[in-house]
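Count the sequence shown with the numbering used here and you get residues -7 to 430, in order.
In this text, a Cβ means the ideal position worked out from N, Cα and C, and glycines have one as well.
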Amino acid sequence: MFDLIIKNGTAVTPNGIEPADIGVAQGRIAALGTLDAGQAAAVIDAKGLHVLPGLIDTQVHFREPGLEAKEDLATGTAGAALGGITAVFEMPNTKPATTTPDLLADKLARAKGRAWVDHAFYLGASAENAGQLDVWETMPGCCGVKLFMGSSTGTLLVDDEPVLRTVLENGRRRIAVHAEDESRLKERRPLAEAPGASVGLHPEWRDVETALRATRRLLTLARSTGRPVHVLHITTAEEIEFLAENRDLASVEVTPQHLTLAAPECYERLGTYAQMNPPIREARHQEALWRAVREGVVDCLGSDHAPHLRAEKDRPYPLSPSGMTGVQTLVPVMLTHVAAGRLSLARFVDLMAAGPARLFGILGKGRIARGYDADFTLVDLKAKRRIENSQIASRCGWTPFDGFEATGWPIATVIRGQVAMRDGRLEGPPIGRPLRFP
Ligand code: DOR
-7 MFDLIIKNGT
3 AVTPNGIEPA
13 DIGVAQGRIA
23 ALGTLDAGQA
33 AAVIDAKGLH
43 VLPGLIDTQV
53 HFREPGLEAK
63 EDLATGTAGA
73 ALGGITAVFE
83 MPNTKPATTT
93 PDLLADKLAR
103 AKGRAWVDHA
113 FYLGASAENA
123 GQLDVWETMP
133 GCCGVKLFMG
143 SSTGTLLVDD
153 EPVLRTVLEN
163 GRRRIAVHAE
173 DESRLKERRP
183 LAEAPGASVG
193 LHPEWRDVET
203 ALRATRRLLT
213 LARSTGRPVH
223 VLHITTAEEI
233 EFLAENRDLA
243 SVEVTPQHLT
253 LAAPECYERL
263 GTYAQMNPPI
273 REARHQEALW
283 RAVREGVVDC
293 LGSDHAPHLR
303 AEKDRPYPLS
313 PSGMTGVQTL
323 VPVMLTHVAA
333 GRLSLARFVD
343 LMAAGPARLF
353 GILGKGRIAR
363 GYDADFTLVD
373 LKAKRRIENS
383 QIASRCGWTP
393 FDGFEATGWP
403 IATVIRGQVA
413 MRDGRLEGPP
423 IGRPLRFP
């Protein structure tokens, strides 16, 4: 007997894309093949749907504690489940920043009973904790260390060479890095503050050299310490070229925003709602990112879900904060690229399930295979729907993709055999648990 059978779907498994029923027992995948519906306590009919392994978003900012007016762990993870995401890695630039084991344990306690999806939290690197991160990074529920080399939202920043070296020397896990060069950001800030400056200048203030310089500096340190690094939200053709030569130590993330929106059009249309760090850049960079996806230089996609209230985004640039929602729109936006032939479904799954599991060693996740957790994202590749602000569960209630005509939509989110979302509605209670790592 099974607790659940997902019947009549087309499953994306390590064998390929094939019709397969999936039997679930005690939260795990117990059988694949042709199964009799009579053998299960519950059946989901997935006729016409593709069954993907649970999709994992390895970069979200859920703002709790301290910034709950923008988002909290309940609303953020609700958006994830509604968007077909089964697990998230949450970033440490909350208030206070997550820089100690106690603060990380506090986030885990807050998530208990309120998180709609499985989760892990990053520890933020700082001058104060740099020497202790090797012990702390292996705490339960911790996905690793996040390092900000350039300032963005919040107070986390490490740009001092000896401290950077200490951070990289103290730990073994792949360290996630926001690579923008702080001294160049400071030097060029007057550009953004000049009279008449507008958000269209954001990619000039935080220019290609700002990103490339930090990424090069990071890899020099990675090479001399032997520490693997995960370079978040890569935005430039130049960094892609450089990182392609350093794949033994560097893994690469790109975001759906950088693959979909381009300057100058996005700033003309969306104003500060298109403002994020590192910035959305012009078409030649977007083309390089797509090439990097095709050539396998990109390891995973992260939404960089970073909600800010409209009242904050409406402040005049550069007082407007950087960041936009994304966890709920990643799947329909990327499936639309699949429908347009820019990306295969298999590669999308590689970027969102197998990729994160491989990079971070997430236990029991990332593939549809017997014995793995029964996490699934059921999608309708043909569904044509429009993304609208009114659908967005995030406290801030807006998306840069308002009005986007999607082809492909998440229909159900299943976590360890429990339905968390079906047909656009949450099914409770929230059962999200901490992810596990070696
Ligand atoms: O645009 C961004 N927003 N980039 C970051 O690095 C941080 C994020 C946020 O937390 O708002």
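Span separating the alpha-carbon of residue i from that of residue j
i     : j     : result
F429  : G133  : 8 angstroms
E397  : Q320  : 15 angstroms
R377  : W401  : 7 angstroms
A331  : L44   : 16 angstroms
E120  : G347  : 32 angstroms
A171  : S143  : 10 angstroms
G15   : A338  : 22 angstroms
L281  : T227  : 7 angstroms
Y114  : V137  : 5 angstroms
M(-7) : A23   : 11 angstroms
T69   : Q278  : 29 angstroms
A255  : H111  : 33 angstroms
V169  : D(-5) : 41 angstroms
L160  : V80   : 24 angstroms
V(-2) : L427  : Checking the displayed sequence, the identity of residue -2 turns out to be Ile instead of Val. Answer to the nearest angstrom: the Cα atoms are 23 angstroms apart.
G116  : V221  : 15 angstroms
Proximal residues to residue i (C-beta, below 7 angstroms), its chain only, five neighbours per side dropped
i    : result
E230 : V200 and L204
S314 : S144, T145, Q267, M268 and N269
Identity of the residues DSSP links to residue i by a beta bridge
i    : result
K376 : T399
D37  : K(-1)
I167 : V221
G142 : Beta-bridge pairing links G142 to no other residue.
G15  : I(-3) and A23
P426 : H111
F81  : A112
Classification of residue i by the beta-carbon crowding that lies within 10 angstroms, buried from 16 upward
i    : result
V246 : buried
N7   : exposed
D49  : buried
T212 : exposed
V4   : buried
K178 : exposed
P422 : buried
K62  : buried
T317 : buried
E129 : buried
D367 : buried
A101 : exposed
S386 : buried
Own chain residues within Cβ distance below 8 angstroms of residue i, not counting five before or after
i    : result
I232 : I226, V244, A280, L281, R283, A284 and V289
Cβ shell of residue i (< 6 angstroms), same chain only, five flanking positions each side left out
i    : result
L335 : H329
Legend entry - At least 3 beta-carbon pairs within less than 8 angstroms: the stretch 338 to 346 vs the stretch 285 to 293: yes
Inset, instruction - Check whether the stretch 14 to 33 touches the stretch 69 to 89, counting contact only when three or more Cβ pairs, one atom from each stretch, lie closer than 8 angstroms. - result: No: fewer than three Cβ pairs fall under 8 angstroms.
Inset, instruction - Kindly confirm or deny that the stretch 369 to 388 and the stretch 346 to 360 touch, where touching means at least three C-beta pairs closer than 8 angstroms. - result: no
Inset, instruction - Check whether the stretch 138 to 156 touches the stretch 179 to 189, taking contact to mean three or more Cβ pairs, one atom from each stretch, closer than 8 angstroms. - result: With a cut-off of 8 angstroms, the stretch 179 to 189 and the stretch 138 to 156 do not count as touching, because too few Cβ pairs lie within range.
Inset, instruction - Please determine if the stretch 232 to 243 and the stretch 251 to 261 are in contact, where contact requires at least 3 C-beta pairs separated by less than 8 angstroms. - result: no
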